[in-house]
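*Asks:* The opening residue of the sequence shown carries number 1 in UniProt numbering; numbering runs sequentially from there. The beta-carbon is built from N, C-alpha and C at its ideal position, and this holds for glycine as well.
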Amino acid sequence: MFKQKGENMRIRNFLPMNRSDMEARGWDELDFLLITGDAYVDHSSFGVAIIARVLEKHDFRVGILAQPDWKDLRDFRAMGKPRLACLISGGNLDSMVNHYTAAKKKRHKDAYSPGGKSGLRPDRTTIAYSNRVREALPGVPVIIGGIEASLRRFAHYDYWSDDVRRSILLDSQADLLVFGMGEKSIVEVAERLNNGVPIDQITNVRGTMVSLAGDVVPQDTLVLPSFEDVTSDKKKYAEAFWVQYNQQDPFRGKAMVQSHGRKSVLQNQPSLPLTQAEMDAIYALPFMGTYHPSYEGQGGVPAIEEVEFSLTSVRGCYGACSFCALTFHQGRIVQSRSAESIIREAEQMTWNDRFKGYIHDVGGPTANFRRPACKEQLNRGACSHKQCLFPEPCDKLEIDHEEYLDILRRLRNLPKVKKVFVRSGIRYDVVLADRNSGFLRELCEHHVSGQLKVAPEHVSEEVLRRMGKPGKAVYEEFVQRFREANEELGKEQYLVPYLISSHPGSTMKEAVELAEYVRDMGVNPEQVQDFIPTPGTLSTCMYYAGLDPHTMEPVYVPHSMHEKAMQRALIQYRSPRNHGLVEEALRLAHREDLIGYGPKCLIRPRKYVRADPLEKDGKPSKMSKGRVRRSGMKSKSVAVAGKEAPYKDERSKAAPSKGAQGKETPPKGALSKEPRYKGVRSLEAPNKALQGKESRFKRARREDSSPDKAEPGKSVRFKDTRSVEKAPYKGAPGKAGGYRDARTVEKVAHKGAPSKEEHFKDTRSAEKATYKGVPGETGSYKAERSIVPSYKGAPGKAGRYKDARSVEATPYRGTSSKASGYKDARSIETAPYKGELGAEGYKNKRNAETPTKGVQSKEVAYTGTQSKEAQREGIQEKEKARFWRGPDNLLHKGKRKHRGGKKDK
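1) Shortest alpha-carbon distance to E516 belongs to which of V48, A569, K375, L408?
2) My output table needs one value for H99: the three-state DSSP class, helix, strand or coil.
3) For A111, collect the residues of the same chain with a Cβ closer than 6 Å to its Cβ; drop the 5 residues on either side in sequence, then sort them by chain order.
4) Do L274 and S211 have their C-beta atoms within less than 9 Å of each other?
5) Which one of V178, V512, V257, D69 has the shortest CA to CA distance from D215?
6) Tell me whether H156 sits in a helix, a strand or coil according to DSSP, three-state version.
7) By Cβ distance below 6 Å, which residues in the same chain neighbour T537 in space, the five residues on each side in sequence not counted?
8) Does the Cβ of V748 have 16 or more other Cβ atoms within 10 Å, making it buried, or fewer, making it exposed?
9) Provide the residue(s) that pair with residue 906 in DSSP beta bridges, ordered along the chain.
10) Thinking C-beta only, is I343 closer than 9 Å to I282?
11) Applying the 10 Å Cβ sphere with the 16-neighbour rule, what's the burial state of K109?
12) By a C-beta neighbour count over all protein chains shown, 10 Å radius and 16 as the cutoff for buried, is M552 buried or exposed?
13) Since I believe H503 is in contact with M467 (beta carbons under 8 Å), could you give me their beta-carbon distance rounded to a whole number of angstroms?
14) What residues match up with I282 in a beta bridge as DSSP calls it?
15) Over the uninterrupted alpha helix (DSSP H) stretch that includes C541, give me the two end residues.
16) Does the separation of the CB atoms of L285 and A346 fall below 9 Å?
17) Please confirm if the segment 184-195 is in contact with the segment 236-252, defined as three or more CB-CB distances below 8 Å between the two stretches.
18) Across the segment 372-382 and the segment 294-314, are there enough close Cβ pairs to call them in contact, namely three or more that are closer than 8 Å?
19) Which same chain residues end up closer than 8 Å to A339 when comparing Cβ atoms and leaving out the 5 residues on each side of it in sequence?
20) Excluding the 5 residues flanking K735 on each side, which residues of the same chain have their C-beta closer than 6 Å to its C-beta?
21) Just grab the DSSP bridge partners of G363 for me.
22) Going by beta-carbon coordinates alone, are L514 and V459 separated by less than 9 Å?
23) When DSSP labels each residue in this structure, what does D75 get in the three-state scheme?
24) Provide the residue span of the beta strand (DSSP E) that contains D530, from first to last.
25) For a test of the three-state rule: what should DSSP assign to residue 910, helix, strand or coil?
26) Please state whether DSSP places G444 in a helix, a strand or coil.
27) According to DSSP, V454 sits in a beta bridge with which residue or residues?
28) Which stretch, first to last residue, makes up the beta strand (DSSP E) that contains T36?
29) Between which two residues does the beta strand (DSSP E) harbouring R165 extend?
30) Would the segment 73-83 and the segment 26-34 be scored as touching if the rule is three or more Cβ pairs under 8 Å?
31) How would you label S384, buried or exposed, when you count the other beta carbons within 10 angstroms and need 16 or more for buried?
32) Nearest by alpha-carbon distance to L464: which of P16, I426, G505 is it?
33) Between M96, L432, S341, which lies nearest to T534 when the distance is taken from Cα to Cα?
34) Pull up the DSSP beta-bridge partners for V187, would you.
35) Counting Cβ pairs closer than 8 Å, one from the segment 384-403 and one from the segment 416-432, do we hit at least three?
36) By the three-class DSSP mapping on this structure, what secondary structure does T551 have?
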């Protein structure tokens with residue numbers, strides 16, 4: 001009872017997620033309904049939680065609707081119509097990045113959903129939710145925000161649709177868009193709504209964007225190239241982006257407007273950076289620090305694992321890397337919390353029952369940034385004409401690690417704290433620029449968990465210039481100093497470099513250069529990110545426009561998926577599955593000198609020049625399991641005699657292809673455009689047992705064999721017609737016999753009837769073989785057998801057979817007479833069968849003229865049970881795999897081929 005009461009109290013500390021939670025608080029109406037594409041995690045690392053708690057602090061009633069079913073309007077109505085507005089966020093990640101990889105393949109897991117399950121949010125989540133709210137809650141103002149809305153607020157290139165899309169404000173039909181972190185903006189908007197100001201009159205709040213009708217342009221506003229211009233002219237797109245990029249500073253940035261046909265979007269100036277007191281107040285809000293208890297039964301929310309015991313110390317980053325969206329979202333001005341605020345949160349963290357003594361991280365976008373780059377940034381903003389760190393650190397850059405080191409020392413001295421790690425990115429060029437600090441040594445001594453993450457991203461000077469990153473020499477100096485520090489401390493610790501493949505500016509030459517560097521460093525990098533062109537970054541602008549928006553210089557861009565796969569494979573050249581891609585890339589780059597057996601070679605040459613037929617875009621299929629095949633040659637063409645084969649993989653009598661060891665090998669089906677059909681074989685094309693590893697087909701056919709299902713004959717109608725002659729098939733032990741499923745006219749031996757001539761699994765007679773529902777003179781049977789062979793367990797002259805019926809009265813499982821009622825007794829007379837309503841009262845007689853596979857009634861399924869003696873003999877035959885029984889009914893020892901074509905050892 002007390003446990004249940006405590007659980008209810010714990011749930012009440014979370015914000016309401018349903019109507020019952022509202023009633024528990026005594027609420028009959030919400031002020032704001034906050035809809036999110038993530039599961040509800042009440043932690044300061046989740047933007048939705050911060051916005052909700054900030055509004056709660058200002059006395060607004062906020063409810064959380066997490067991952068509603070966007071196909072059902074009832075989910076959006078469950079908590080009622082909010083008094084002021086609906087707030088919509090796609091989640092902590094852009095929904096398309098959340099759903100798809102750089103290769104545009106669907107991701108199997110979603111770390112921000114319960115149990116890591118994917119598919120709980122729609123693509124383009126913000127747009128989908130907003131349009132459903134319009135249907136479910138008409139008349140309620142809709143405000144969108146979060147990373148997805150923030151980065152897609154202007155006309156932008158969308159990688160997944162490969163075109164330029166309109167502003168998300170227009171596509172979502174929202175009333176207002178809040179960009180950036182949004183705490184100040186949303187509070188001001190909420191206050192105005194609460195004071196009765198209509199949503200369409202709230203147009204000048206910092207950090208917001210609104211839509212305008214007509215050509216009205218406010219004063220002191222920059223006019224960007226229109227949507228129509230940027231979609232038709234890539235140079236215009238680059239120009240528009242460069243203006244947007246430079247106006248994101250809160251001090252010198254101006255409002256901007258972009259026309260979209262009859263409507264326009266107006267972005268107001270960005271919000272001013274938070275002061276340290278404001279930052280402390282936000283992180284002092286009553287966050288629960290974990291996911292909602294309702295997710296316990298679903299396995300929790302995986303995204304909390306890394307951040308649950310981590311501390312955010314800063315926001316913003318003046319590194320301004322080209323591929324990073326932080327400039328567009330958090331800005332270049334660093335905002336930090338006080339040491340007391342961080343220590344207070346750490347002390348509260350130690351009270352958690354799940355805390356094991358380890359603080360996972362203390363940092364932010366960049367761990368060793370604590371203050372703005374210089375004092376002037378807080379007065380006039382960041383410089384528009386140059387960056388703080390690239391190509392060289394600015395002379396006015398203020399670098400001091402002492403404050404950060406002091407915080408780390410105080411944290412590791414707290415009771416219950418065993419270790420404090422730094423896992424956020426370390427900006428190594430800033431570490432090197434601080435010559436008077438022992439930061440690196442103390443970092444290695446106390447705050448590295450065996451591996452330190454750094455981000456050189458590349459080593460080619462051309463690529464690094466496009467990325468806005470320091471040169472290769474700077475990284476190598478840091479590596480050397482890191483090694484020296486660890487040697488002094490007697491520690492064996494390593495750097496984990498983050499690398500990016502196929503970034504704009506990276507040709508195959510630069511990719512090979514990076515691979516050589518990886519080889520020389522002796523590392524096998526796992527942290528490799530194939531470049532994803534996400535909205536809001538300089539690199540994405542280069543990817544789409546092919547121009548550097550800063551200089552308008554042309555930039556080489558690897559667009560094709562195959563080239564991107566090759567560049568990534570070069571970095572991970574040690575992986576066997578990448579061998580084919582690496583070899584192709586080296587030959588394209590004219591670097592065949594790296595293929596060989598020397599110490600500088602990346603890969604060894606293949607013994608046989610043959611491509612994996614199951615390999616697509618350099619990646620092996622599931623069937624190949626990543627193994628590199630080395631036998632055989634890839635056939636280029638197949639000459640088919642007679643008319644054109646209707647299926648891929650049809651074998652010709654006249655022109656079989658040659659594969660490994662000179663044996664005839666089936667072609668790969670490159671000539672046919674028809675759907676692949678498994679297994680059309682010629683009369684003379686032996687299968688896997690004779691050809692090697694290339695054949696993978698299951699049935700033998702020929703053009704002039706028995707008619708197919710669509711062409712029923714008088715007495716023969718097979719679903720899978722076989723050759724009238726001996727069509728050799730898989731696993732032939734002799735020259736003509738021993739095939740898995742071939743039918744002949746003459747000798748109809750069943751599985752287990754060994755002879756040198758025939759060894760078939762399920763042969764039918766050519767005379768009396770009405771197949772699967774073809775009515776004959778004696779009725780409609782599913783699988784009629786020959787009258788010659790005897791049934792398994794009743795050994796006759798021909799041996800032991802699996803499912804053949806004897807002409808003579810071979811009793812089955814307990815000898816039966818006419819009067820006896822056994823399950824499936826066969827005899828030349830009318831052996832009674834369960835259910836036939838005849839003279840003896842049974843349903844389905846067998847006789848010598850119409851033997852069947854076991855025609856059944858609906859009540860009884862014939863299973864072909866065997867006598868005990870037959871079962872024992874069958875087991876013995878399986879156990880004695882090296883012996884086989886010949887037509888003389890004697891056991892023979894020797895080589896015999898099985899289905900897979902492998903010989904007995």
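*Replies:* On the basis of the supplied data:
1) A569
2) helix
3) P302, A303
4) no
5) V257
6) strand
7) F323, A325
8) Its pLDDT being 38, under 50, V748 is placed unreliably in this model, and the value from its coordinates should be taken loosely. Flag for V748 reads buried.
9) One cannot answer for residue 906 here, as it falls past the ends of the chain, which runs 1 to 905.
10) no
11) exposed
12) exposed
13) 6 Å
14) None; I282 has no bridge partner.
15) 538-545
16) no
17) no
18) no
19) E403, D406, I407, R410
20) Legend: pLDDT at K735 = 42, less than 50; position of this residue unreliable, no value from coordinates given.
21) T312
22) yes
23) helix
24) 528-530
25) Residue 910 lies beyond the stretch modelled for the chain, which goes from 1 to 905, so this question has no answer here.
26) Sequence inspection shows Cys at residue 444; the Gly mentioned does not correspond to that position. In this structure, C444 counts as helix in the three-state DSSP scheme.
27) P497
28) 32-36
29) 163-165
30) yes
31) exposed
32) G505
33) M96
34) None, per the DSSP bridge assignment.
35) yes
36) coil
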